[in-house]
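Novice: I'd like to ask you about the structure that follows.
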Amino acid sequence: MDTPARPPSSERGAPPARKGWRRFSSRARSNFGLYGGASLIVGYLSIVVLIPIAAVAAHGFSFSIQTQGWGAAFWHWHVSTGFGTFWHDITQPAAISAIRLSLWLSLSVAAINAVMGVAIAWVLVRDKFPGKWFLEAFIDLPFALPTIVVGVVLLFLYGTASPLHIDLFETWMGLMVALLFVTLPFSVRAVQPVLASLDGESEAAAKSLGAGGIRTFVWVVLPSLWPAVLGGFGLAFARAIGEFGSISLIAGGIGRTTTASNYIYNLTQGFLWTNAASVSTALLVLSLLILIATNVYARRIQRRLAS
Amino acid sequence: MSISLSHLTKRYGKDAVVDDVTVEIPESSLTAVLGPSGSGKSTLLKLIAGLERPDEGRVVIEGDDVTDVDPRHRDIGFCFQHYAPFRHMNVARNIGFGLRVRKQPKDIIDAKVAELIELVRLDGKAKSYPAQLSGGERQRMALARALAIEPRVLLLDEPFGALDALVRTELRQWVKELHRQIKVTTILVTHDQDEAMEVADQLLIMHEGRIEQSGEPTELYERPATEFVHGFLGPTTMFKGVSVRPHDLELVKPSEGAIEGTVQSVMELGFEVQVTVALSDGSTPWVQMSRNEFRNLDVDVNSPVSIRERV
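Chains as they are written, first to last, in my numbering: chain X, 639 to 945; chain G, 67 to 377.
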């Protein structure tokens, strides 16, 4: 025999060991044939996401766009000069302040809603109360509502003429309220199904071993929810950093409350396409990095939990 | 530690799942609660552990009335049917959970965990996660985790239910052996009468929330108090209008003084052979015999035979 016998790695029995290409191809096989599934996703993403993103990025890196137009930008792309322009654009004090505001707002909003998302999901899964169905539907409202409508409502509620006498116009708190509202469904819906799938036996086991309610939650329940919480965090962050409609009104017109998305919009109003593209690219890279980081971390935990 | 339950009742809506159960479980015994599914045996276990609250009755452990004591202060080791492992903790941390909750010093926890890992034969698996263990290993980890708190009572809910046949037989023997070593009063719930007869020194037969009979396995098998116990503890067949054990019947060559009939079917199950006989009164009792007896009888389907009770 040329291959040594392998002891079974589990009672269920391990699949036979394959070498080189055979092993690789058996892993790559899918319902759509070899690489079929992967090419479907990549192809679709290219059309709807990657090409537009590439266009914006190219735009940001190109100095010749204003004189030669869109198509030419692709062919006269001088990276060294382009990068200089890009760096110049995103290090403008106004640009830095806008990106910084967007970043810290989005991170805090995602963090706050990660906590609130777990709490709300807990109530929705574990508690029974009249009108629960309404709350369930209400959570998803930000998904369905045009964000500019949220902006109008918030301006009415928390604007200078606030009927509640809470004036958040042109303050970061106004922005935060708007972002908390539009990102909440991401945080709740990421956690809810995972919480619902916990059978309660682990919690009962913790209890029988002497653990109280808080300790059971922190030591046993929360670790099972971590990947979902992180996933919700990533989505909420991405949504917050890209949000425009709901915050554009309450932000008013002053620099202190100009977020990156707002800043980009203002640039386009002044026909500063290259600057707009540069800041967009910076925002894009930041969002992508944070999404990748949360995903990688969540996957690492998930791998350990999965049976 | 002995456990005594008095008039224990648990209702879900109007149905009493556990219905006025009064029983004494002797100290250091290994008791099997046996019954069909829905007989209330798992609920009985949860009532003892405090994971369910009774509507009526008391739970007394070694003279201590624990009916109103929170489960986390009952010092009861509970093993769940699906083991309820803490998936994000490795084997050592799973086993040490109860000790960390009790704020024991780290070196004492480490020593205790190492000792238990050896006891349940999980050597070399301390750093593995539950997902990397086989069913039997997970079961033993759950047992070690329950034993770590040095419980007064050990409760096992269908401990072998989710394992395949081979591992199951092995673990039964092992649990019996373990019980001999540590002598903690143990109650296990099962629907498998073979398992109960093999492992336990005390049986408690439940049916529709009530206890039908309790006692030693042999005693129950030989002197069942009710028709249900008789039927549940082993195979039965109708002969002369009464229910009997098929191994208490025998087949002989057609002869006088015995009831005559014809062989209807033969099922050979290795050592055991089951022969069904059609009698003139229309009844079809079956007889359990050894392979050798069957060979000596030398019959086939449609052969005439006589059937009688063994003496």
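Here a beta-carbon is modelled for each residue, glycine too, at the ideal position from N, C-alpha and C. Keep in mind that this is a model prediction, so the values were computed, not measured.
Between X:Ile939 and X:Ser918, which are expected to be in contact by the criterion C-beta below 8 Å, what is the C-beta distance as a whole number of angstroms?
Specialist: As a working mapping, residue 939 of chain X is identified with position 301 in the first sequence. As a working mapping, residue 918 of chain X is identified with position 280 in the first sequence. The Cβ separation is near 32 Å, so there is no contact.
Novice: Specify whether the segment 743 to 762 of chain X and the segment 865 to 885 of chain X touch according to this definition: at least 3 beta carbon pairs, one from each stretch, less than 8 Å apart.
Specialist: The answer is yes - the segment 865 to 885 of chain X touches the segment 743 to 762 of chain X, with three or more Cβ pairs under 8 Å.
Novice: Hey, does X:Arg937 have any beta-carbon neighbour from chain G nearer than 8 Å?
Specialist: Numbered from 1 along the first sequence, position 299 holds the residue referred to as residue 937 of chain X. Answer no: the Cβ-Cβ gap between X:Arg937 and chain G never drops below 8 Å.
Novice: Whole alpha helix (DSSP H) runs in the segment 834 to 912 of chain X with 4 or more residues, listed along the chain?
Specialist: The segment 834 to 912 of chain X contains these whole alpha helix (DSSP H) runs: 839 to 846, 851 to 854, 860 to 880, 883 to 886, 898 to 907.
Novice: Output, in chain order, the set of chain G residues within a Cβ distance shorter than 8 Å of X:Arg942.
Specialist: Along the first sequence, read from residue 1 onward, the residue named residue 942 of chain X stands at position 304. The answer, in chain order, is Arg153, His154, Tyr195, Ala197.
Novice: If you follow the beta strand (DSSP E) that G:Met355 is part of, which residue opens it and which one closes it?
Specialist: Translated into the one-based positions of the second sequence, residue 355 of chain G becomes position 289. Run containing G:Met355: 352 to 356, per the beta strand (DSSP E) assignment.
Novice: Would you mind stating whether G:Ile248 and G:Ala210 have Cβ atoms separated by less than 8 Å?
Specialist: Your numbering for residue 248 of chain G matches position 182 in the second sequence. Your numbering for residue 210 of chain G matches position 144 in the second sequence. No.
Novice: Would a check of beta-carbon distances place G:Phe226 closer than 8 Å to chain X?
Specialist: Along the second sequence, read from residue 1 onward, the residue named residue 226 of chain G stands at position 160. No - not a single Cβ of chain X is within 8 Å of the one on G:Phe226.
Novice: How big is the Cα-Cα spacing for X:Phe855 and G:Ile69?
Specialist: Translated into the one-based positions of the first sequence, residue 855 of chain X becomes position 217. Translated into the one-based positions of the second sequence, residue 69 of chain G becomes position 3. Taking the straight line from one Cα to the other gives about 31 Å.
Novice: Should G:Ser194 and G:Val157 be called a contact, given that it needs their Cβ atoms to be closer than 8 Å?
Specialist: Taking the first residue of the second sequence as 1, we reach residue 194 of chain G at position 128. Taking the first residue of the second sequence as 1, we reach residue 157 of chain G at position 91. Their beta carbons are under 8 Å apart, which means G:Ser194 touches G:Val157 by this criterion.
Novice: G:Ala150 by DSSP, collapsed to three states: which one?
Specialist: By one-based count along the second sequence, residue 150 of chain G stands at place 84. Coil.
Novice: Quick check on this structure: which residue in X:Thr895, X:Ile758, X:Thr809, X:Asp837 has the alpha carbon closest to the alpha carbon of X:Arg738?
Specialist: Translated into the one-based positions of the first sequence, residue 738 of chain X becomes position 100. For X:Arg738, the nearest C-alpha among the options comes from X:Thr895.
Novice: Consult DSSP for G:Lys76 and reduce its assignment to one of helix, strand or coil.
Specialist: Translated into the one-based positions of the second sequence, residue 76 of chain G becomes position 10. Residue state, collapsed to three classes: strand.
Novice: Give the residues of chain X in contact with G:Arg168, contact being defined as C-beta atoms less than 8 Å apart.
Specialist: Residue numbering aside, residue 168 of chain G sits at position 102 when the second sequence is read from its first letter. Within 8 Å Cβ-Cβ: Gly848.
Novice: Verify the contact flag: X:Leu921, CB atom, against every heavy atom of the ligand PLP, threshold strictly below 7 Å.
Specialist: No copy of the ligand PLP appears in this structure; indeed no ligand is present at all.
Novice: Would G:His273 and G:Ser95 qualify as a contact pair, given that the criterion is a beta-carbon distance under 8 Å?
Specialist: Against the second sequence, residue 273 of chain G aligns to sequence position 207. Against the second sequence, residue 95 of chain G aligns to sequence position 29. No, they are not a contact pair.
Novice: Please check the pair G:Phe294 and G:Ala212, which I expect to be a contact at CB under 8 Å, by giving their CB distance rounded to whole angstroms.
Specialist: For this step, residue 294 of chain G is matched to residue 228 along the second sequence. For this step, residue 212 of chain G is matched to residue 146 along the second sequence. Actually they do not touch by this definition, with Cβ atoms about 31 Å apart.
Novice: Which ranges would you report for the beta strand (DSSP E) in the segment 282 to 316 of chain G if only whole runs of at least 3 residues count?
Specialist: Runs found: 303 to 305, 308 to 310.
Novice: Between the Cα of X:Leu929 and those of X:Ala757, X:Pro865, X:Ala843, spot the shortest distance and give me the residue it belongs to.
Specialist: Here residue 929 of chain X corresponds to residue number 291 of the first sequence, with the count starting at 1. Taking only the C-alpha atoms, the option nearest X:Leu929 is X:Pro865.
Novice: Nearest CA to the CA of X:Glu808: which residue from X:Val680, X:Thr897, X:Ser835, X:Val753?
Specialist: Position 170 of the first sequence, counted from the start, is the residue given in the question as residue 808 of chain X. Of the candidates X:Val680, X:Thr897, X:Ser835, X:Val753, the one whose C-alpha sits nearest the C-alpha of X:Glu808 is X:Thr897.
Novice: In whole angstroms, what separates the C-alpha of G:Arg119 from that of G:Glu90?
Specialist: On the second sequence, residue 119 of chain G is found 53 positions in, with the first residue counted as 1. On the second sequence, residue 90 of chain G is found 24 positions in, with the first residue counted as 1. Their Cα atoms are separated by approximately 19 Å.
Novice: List, in order along the chain, the chain X residues whose C-beta lies closer than 7 Å to that of G:Gly164?
Specialist: By 1-based counting over the second sequence, the position of residue 164 of chain G is 98. What G:Gly164 touches in chain X: Leu847, Gly848.
Novice: Thinking C-beta only, is G:Leu229 closer than 8 Å to G:Gln205?
Specialist: Within the second sequence, residue 205 of chain G is the residue found at index 139, counting from 1. Within the second sequence, residue 229 of chain G is the residue found at index 163, counting from 1. Taking 8 Å as the Cβ cut-off, G:Gln205 and G:Leu229 qualify as a contacting pair.
Novice: Do G:Pro283 and G:Leu254 have their CB atoms nearer than 8 Å?
Specialist: Numbered from its first residue, the second sequence carries residue 283 of chain G at position 217. Numbered from its first residue, the second sequence carries residue 254 of chain G at position 188. Cβ distance not < 8 Å, so G:Pro283 and G:Leu254 don't count as in contact.
Novice: If you measure between the beta carbons of X:Leu762 and X:Leu779, is that distance less than 8 Å?
Specialist: To locate residue 762 of chain X, count along the first sequence from 1; it is residue 124. To locate residue 779 of chain X, count along the first sequence from 1; it is residue 141. No.
Novice: Please list, in chain order, the residues of the segment 849 to 865 of chain X that have any C-beta partner in chain G closer than 7 Å.
Specialist: Under the 7 Å Cβ criterion, the segment 849 to 865 of chain X contributes Ala849, Gly850, Arg853, Val858, Pro861, Ser862.
Novice: Give the residues from the segment 115 to 139 of chain G that approach chain X closer than 9 Å (Cβ to any Cβ), ordered along the chain.
Specialist: Flagged, chain order: Ala115, Gly116, Leu117, Asp136, Pro137, Arg138, His139.
Novice: Any beta-carbon of chain X closer than 8 Å to the one on G:Ala291?
Specialist: Stepping through the second sequence from its first residue, residue 291 of chain G is reached at position 225. It does not; no Cβ of chain X falls within 8 Å.
Novice: Using a Cβ-Cβ distance cut-off of 8 Å, determine whether X:Ala842 contacts chain G.
Specialist: What you label residue 842 of chain X is simply residue 204 of the first sequence in a count that begins at 1. Yes, its Cβ sits closer than 8 Å to a Cβ of chain G.
Novice: Against G:Ile142, what residues of chain X qualify as contacts under a CB-to-CB distance less than 8 Å, listed in chain order?
Specialist: Walking along the second sequence from the start, residue 142 of chain G turns up at place 76. Ordered by position in chain X, the residues that pass the 8 Å Cβ test against G:Ile142 are Ser846.
Novice: Once you ignore the five residues that flank X:Leu863 on each side, which residues in its own chain have a CB closer than 8 Å to its CB?
Specialist: Locating residue 863 of chain X in the first sequence gives position 225, where the first residue counts as 1. Val756, Val829, Val832, Leu833.
Novice: In chain order, what residues of the same chain lie with their CB nearer than 6 Å to the CB of G:Thr303, ignoring the 5 residues before and after it?
Specialist: Working through the second sequence from its first residue, we reach residue 303 of chain G at position 237. Closer than 6 Å at the Cβ level, and outside the excluded window around G:Thr303, lie Pro312, Pro351, Trp352.
Novice: Given this structure, state the Cα-to-Cα distance separating X:Pro801 from X:Thr785, to the nearest angstrom.
Specialist: Start at 1 with the first residue of the first sequence, and residue 801 of chain X comes out as number 163. Start at 1 with the first residue of the first sequence, and residue 785 of chain X comes out as number 147. Using only the alpha carbons, I get a separation of about 21 Å.
Novice: Please give me, in chain order, every unbroken run of the beta strand (DSSP E) with length at least 3 that falls completely inside the segment 77 to 121 of chain G.
Specialist: Counting whole runs of 3 or more residues, the segment 77 to 121 of chain G contains the beta strand (DSSP E) stretches 81 to 91, 96 to 100.
Novice: Less than 8 Å between CB atoms is the rule here; does X:Glu839 satisfy it with respect to chain G?
Specialist: For the purposes of this step, residue 839 of chain X is identified with residue 201 of the first sequence, where counting begins at 1. Closer than 8 Å to some Cβ of chain G, the Cβ of X:Glu839 qualifies, so yes.
Novice: State the Cα-Cα distance for the pair G:Met155 and G:Val179, rounded to the nearest angstrom.
Specialist: The count along the second sequence starts at 1 and reaches residue 155 of chain G at position 89. The count along the second sequence starts at 1 and reaches residue 179 of chain G at position 113. Taking the straight line joining both Cα atoms gives about 14 Å.
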